[in-house]
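The opening position of the sequence shown corresponds to residue 1 in my numbering, with each subsequent residue numbered one higher.
Backbone N, C-alpha and C define an ideal beta-carbon position, used for all residues, glycine too.
In this text the structure is predicted, and so the values were computed from the model without any measurement.
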Amino acid sequence: MYLSQDSFHTHPSLRSFLPSQVESLLEQGSNEINEDVVLAEDNIFGVFDGATSLGERSAEMKKAGGFVAATLAADTFRQTKPQKSLLDQALVANRSLGAMQDETNFTENKRYNLWSTSIAVVRLQQDRLEFCQTGDSLIAILYDDGSYSFPVPEVDIDRETLALWKRRSNEESGRIHTLLADQILKVRKKMNREYGVLNGEPRAAEFIRHGFCSLDGVRNVLLFTDGLFPPKEDPLEKTDWDSFVGLFREGGLQALRNHVRTLQATDPFLRKYPRFKCHDDIGAVALSFA
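So, in structure tokens, the structure goes:
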């Protein structure tokens with residue numbers, strides 16, 4: 001696990017709305033490769049959660065594809081010029097992902113072969129925050145008055161799959177990826193049809209959310225991948241974001257991480273808190289304003 005707490009230095013024009021602290025967290029989950037990437041570069045911050053191909057590829061690239069996609073996207077945002085918007089960069093990253101993948105993977109019946117990544121990125125611009133998001137990585141804004149908001153609402157991509165696993169895991173033995181292989185493939189085929197990711201498809205642009213928020217009254221900005229989402233016993237229930245925000249206010253990203261990992265450790269067979277693996281990768285950034 002990598003956890004850092006840094007002071008923040010950047011262009012003088014941003015001094016009035018500088019975060020007093022930048023905290024980042026990157027931790028590998030149960031798989032061989034961490035497919036989450038964290039970005040903290042000057043006034044740009046982001047998290048990226050890659051997903052590998054579900055189709056036939058070389059063993060090496062099947063393992064690393066998600067990491068490649070997330071890293072490419074992060075590097076693209078790292079190179080953002082002041083005159084370019086985050087939306088511009090998201091589109092550049094998406095085109096680059098398309099260019100690096102075999103064209104045969106773009107046929108409609110082989111879309112599951114595509115590497116992909118979710119993104120949640122912000123840029124500080126004097127008294128406002130520019131944001132860009134697609135997929136299930138999220139941005140949360142916490143205010144001085146105790147309230148909070150999500151510029152882009154949660155997209156619960158795996159709700160149906162995990163609810164099915166909750167029912168079947170109590171009746172059958174086996175791994176979720178084996179028992180529900182068809183369902184997992186069905187959901188993957190919905191990318192850029194019902195939910196967004198960057199994967200090289202032109203239709204990815206339809207699902208990118210971009211905008212601006214005032215920094216007036218903002219205490220914290222959180223960016224995080226789904227590995228930091230609070231575990232749920234019932235996948236059909238709404239996520240308890242009140243408790244999530246409360247934990248962060250009490251103990252920062254470390255408190256959120258400890259809560260998630262502790263609950264997961266009590267459920268090694270993935271049945272009480274339905275999920276795809278014991279521990280997912282975690283990528284998170286927290287900006288705190290005095």
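Residue 170, DSSP secondary structure in three states: Looking at residue 170 - three-state DSSP - the assignment turns out to be coil, as it is neither helix nor strand.
Delimiting residues of the alpha helix (DSSP H) encompassing residue 91: Start and end: 86–100.
Nonlocal neighbours in the same chain, by C-beta distance under 7 Å from residue 28, ignoring five residues either side: For residue 28, same chain residues with a beta-carbon under 7 Å away, outside a window of 5 residues either side, are 34 and 281 in chain order.
Segments assigned beta strand (DSSP E), at least 3 residues, entirely inside the region 105–177: Fully contained in the region 105–177 are the following beta strand (DSSP E) runs of length 3 or more, in chain order: 116–125, 128–134 and 138–143.
Among 66, 37, 38 and 42, the one whose alpha carbon lies nearest that of residue 50: Measuring from the Cα of residue 50, the nearest candidate turns out to be 66.
Contact under 7 Å by Cβ, residue 22 with residue 223: No. Outside cutoff.
Residue 284 beta carbon less than 7 Å from that of residue 25: Contact flag set, yes.
Candidates 74, 254, 261 and 271, of which the one nearest residue 233 by Cα: Looking at the Cα atoms, 271 is the closest of the given residues.
Spatially closest choice to residue 139 from 146, 118 and 126, by CA coordinates: Of the listed residues, the one whose Cα sits closest to residue 139 is 118.
Cβ-Cβ separation, residue 166 to residue 235 (assumed contact under 8 Å), whole Å: With a beta-carbon spacing of about 6 Å, residue 235 and residue 166 fall inside the 8 Å limit used to define contacts.
CA nearest to the CA of residue 246, picked from 70, 40 and 143: Nearest option by C-alpha distance: 143.
Whole runs of the alpha helix (DSSP H) within the region 173–215, excluding any shorter than 4 residues: Listed in chain order, the complete alpha helix (DSSP H) runs (minimum 4 residues) inside the region 173–215 are 176–179 and 181–188.
Three-state secondary structure (DSSP) of residue 10: Caution is warranted here: a pLDDT of 46 is assigned to residue 10, below 50, making its placement in the model unreliable, and no coordinate value can be reported.
Cutoff 7 Å; reference residue 290; Cβ partners in own chain excluding five residues on either side: Around residue 290: 20.
Residue 269 burial status per 10 Å Cβ neighbour count (16 or more: buried): So residue 269 counts as exposed.
Where residue 250 falls: helix, strand or coil (DSSP): Reduced to three states, the DSSP call for residue 250 is helix.
Short Cβ contact (7 Å threshold) for residue 262 with residue 208: No.
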